[in-house]
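Protein chains: 4
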Amino acid sequence: LNLPPETFRYLRRVQFAETDLAGIVHFSWYFRYMEEAEHALWRAAGLTIERAGSQTGWPRVAAAFEYKHALHFEDEFVDALRIAAVGRRSIRYAHTFVRGETMIGTGTITTVHVSKRPGEPMKSAEVPQDIVARLQAAVRTAPG
Amino acid sequence: LNLPPETFRYLRRVQFAETDLAGIVHFSWYFRYMEEAEHALWRAAGLTIERAGSQTGWPRVAAAFEYKHALHFEDEFVDALRIAAVGRRSIRYAHTFVRGETMIGTGTITTVHVSKRPGEPMKSAEVPQDIVARLQAAVRTAPG
Amino acid sequence: LNLPPETFRYLRRVQFAETDLAGIVHFSWYFRYMEEAEHALWRAAGLTIERAGSQTGWPRVAAAFEYKHALHFEDEFVDALRIAAVGRRSIRYAHTFVRGETMIGTGTITTVHVSKRPGEPMKSAEVPQDIVARLQAAVRTAPG
Amino acid sequence: LNLPPETFRYLRRVQFAETDLAGIVHFSWYFRYMEEAEHALWRAAGLTIERAGSQTGWPRVAAAFEYKHALHFEDEFVDALRIAAVGRRSIRYAHTFVRGETMIGTGTITTVHVSKRPGEPMKSAEVPQDIVARLQAAVRTAPG
């Protein structure tokens, strides 16, 4: 299977509690898998998306997934992740899921950078360019 | 707030386990809320989406959500659901989430009708017209 | 079925995402059901277990469940909850789950009262007697 | 920290969706972590707990956990698992969770072996001795 070039690959195995009575992974889990992969990319870049006591955050403003084939208990799959777009205040990630040669599905998540102070409403904030540079470097240098 | 007319309204309260360390409902939960509302619509129509031993099913082929405002622990909200499109083999549901006068977000889920026999791959199947008629009647006659 | 007298009854329907590939509710969900019932009791007592910005909390220190019969998709069941013990710094809740005349299982959760200030470790704190009195009154006056 | 000798060690990192508004891992997740470790042990033994189309299964009849310290987002921890008891029809697993030198908590899960045929109620079944032998060998030969 041709995975998109320059992707960060997150390897994951399906756990029992992620399946439903239809015998396959419940569709809501793909959103958690995408988030796990995104946070793994941040760690690979030497970052963490949530520093304790931090006054910034990255809430999600849009999420979507298209399902092609089902995942089953104990399947191993790869979520190949790339940065699809960087806006002034947002980052959009694109995800391609494969199990061996089988395309499982594709998805996107858009996050915005916000500042949050106790007792105040969240405000959107500019995306720090050094964070983008480090994430992009981690994608480029990822094995696979 | 003006909810779309002719919607089925699913009332729900946020539970503790649905929140994350950011203090708000985790974004993956909106997909479960949408599914809960859809299944409640089926029950209101005198149907169930999963009959034990049934050889048909309704897997999801696409799901998306756009987030406007966050939900918090113990918030009560409404998912106003309507049938946005009926294809030969698929149904698309559109969801609008509100908490009081606050728009929380909007989403869609597309399901396909399939037949599944033990030991055979799933095959897409035509959407039964009587099911569509009953779902639409349940939307029209829903209180609110 | 003889439910224990003087219990708070939490009515719940099984949702699709709570089932697993064995076709029954995943065993981890009973712990979430127990917590939902406990928080519903707090609301019935005019309380909330988590006030925004509060410097106290009720973390769980022990949880257990014994499973007798399975729950299935769309089953309606009751979690009958009572306060089993009140210690100086803890409350233990006992839960009995039934679906109609069928005993589903029993469980317990022990919570401790803690004070938490930003930047300091949590410390256990005395259980406020007025909270206990209000919870017990809510159990006694619960319908059913 | 002295982990029990002869344990199977399952290494896991806390994911964002596993936290709650208190900023720590939700207590229900420890039951899923225990199950993940158990299934990893089965795989290490060259087995799977759920063969597609199998007419046997291992439902849980009891589960318990005692919480000592909290886990936080991105923490790495070990679940050290051993077979605590083998009955004629059941296996009980004992779990010890540690993060570095910190004891996080301990738990047990008891599973029974059952046969299940379509359209018939589940019946308990004898525990196959070769499965026990392979699980115990996998515990003994586990690294660490």
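Line by line, the protein sequences give chains E, Y, A and S. With the numbering used here, letter number 138 in the first sequence gets 141, and the count goes up by one each step, no holes. With the numbering used here, letter number 28 in the second sequence gets 31, and the count goes up by one each step, no holes. With the numbering used here, letter number 14 in the third sequence gets 17, and the count goes up by one each step, no holes. With the numbering used here, letter number 19 in the fourth sequence gets 22, and the count goes up by one each step, no holes. Just so it is clear, CB atoms sit at the ideal spot from N, CA and C, and this is done for glycine as well. Source: prediction; values computed, not measured.
Can you name the residues of chain S whose CB is closer than 9 Å to the CB of residue i?
i, result
"Y/L24", "F19, T22, D23, L24, A25, G26, I27, H75 and F76"
"A/P62", "A25, I27, F30, Y70 and A73"
In three-state DSSP terms, what is residue i?
i, result
"A/H42", "helix"
"A/F11", "strand"
"Y/M125", "coil"
"S/A20", "helix"
"E/F2", "Within the shown structure, residues of chain E are numbered from 4 to 147, placing residue 2 of chain E beyond reach of any answer."
"Y/R35", "helix"
"A/A88", "strand"
"E/A73", "coil"
"Y/A47", "helix"
"S/S118", "strand"
"A/E53", "coil"
"Y/I94", "strand"
"Y/A83", "strand"
"E/G26", "coil"
Using the beta-carbon count (16 or more within 10 Å), is residue i buried or exposed?
i, result
"A/T114", "buried"
"A/L24", "buried"
"A/S57", "exposed"
"Y/T144", "exposed"
"E/A88", "exposed"
"Y/R46", "exposed"
"A/G60", "buried"
"Y/A140", "exposed"
CB residue i to CB residue j, shorter than 8 Å?
i, j, result
"Y/V64", "Y/A83", "no"
"E/F68", "E/G26", "no"
"E/V50", "E/R120", "Contrary to the premise, residue 50 of chain E reads as Leu rather than Val in this sequence. For E/L50 and E/R120, no; Cβs fall outside 8 Å."
"E/V117", "E/I94", "no"
"Y/Y96", "Y/E41", "yes"
"A/Y13", "A/E53", "no"
"E/R92", "E/A66", "no"
"S/T111", "S/L6", "no"
"Y/R16", "E/S31", "no"
"E/L44", "E/F76", "no"
"Y/M37", "Y/H72", "no"
"Y/V28", "Y/I86", "no"
Could you check where the alpha helix (DSSP H) with residue i kicks off and where it finishes?
i, result
"A/V135", "Q132 to R143"
Could you tell me which chain E residues have their CB closer than 9 Å to the CB of residue i, listed as they occur along the chain?
i, result
"Y/E129", "What Y/E129 touches in chain E: nothing, since even the nearest Cβ is about 20 Å away."
"S/H72", "Neighbours of S/H72 on chain E: none; closest Cβ ~16 Å, over 9 Å."
Since residue i is in the beta strand (DSSP E), which residue starts that stretch and which ends it?
i, result
"Y/R63", "R63 to Y70"
"Y/I107", "T105 to V115"
In chain A, which residues lie less than 8 Å from residue i when you measure between Cβ atoms?
i, result
"Y/R35", "Q18 and A20"
Can you pull the chain E residues whose beta carbon is under 7 Å from the beta carbon of residue i, in chain order?
i, result
"A/S31", "A20"
Could you list which residues in chain Y have their beta carbon closer than 7 Å to that of residue i, in chain order?
i, result
"A/T51", "E77"
Please list, in chain order, the chain E residues whose beta carbon lies closer than 8 Å to that of residue i.
i, result
"Y/F68", "A65, A66 and A67"
"S/H42", "Q18, F19 and E77"
Along chain A, which residues have their Cβ under 9 Å away from the Cβ of residue i?
i, result
"Y/E104", "Under the 9 Å cutoff, chain A gives no residues; its nearest Cβ is about 20 Å from Y/E104."
Which bits of chain A does residue i rub up against, with CB to CB less than 7 Å?
i, result
"Y/E38", "F19 and A20"
Closer than 8 Å, CB to CB, is residue i near chain B or not?
i, result
"E/S57", "Chain labels in this structure do not include chain B; the protein chains are E, Y, A and S."
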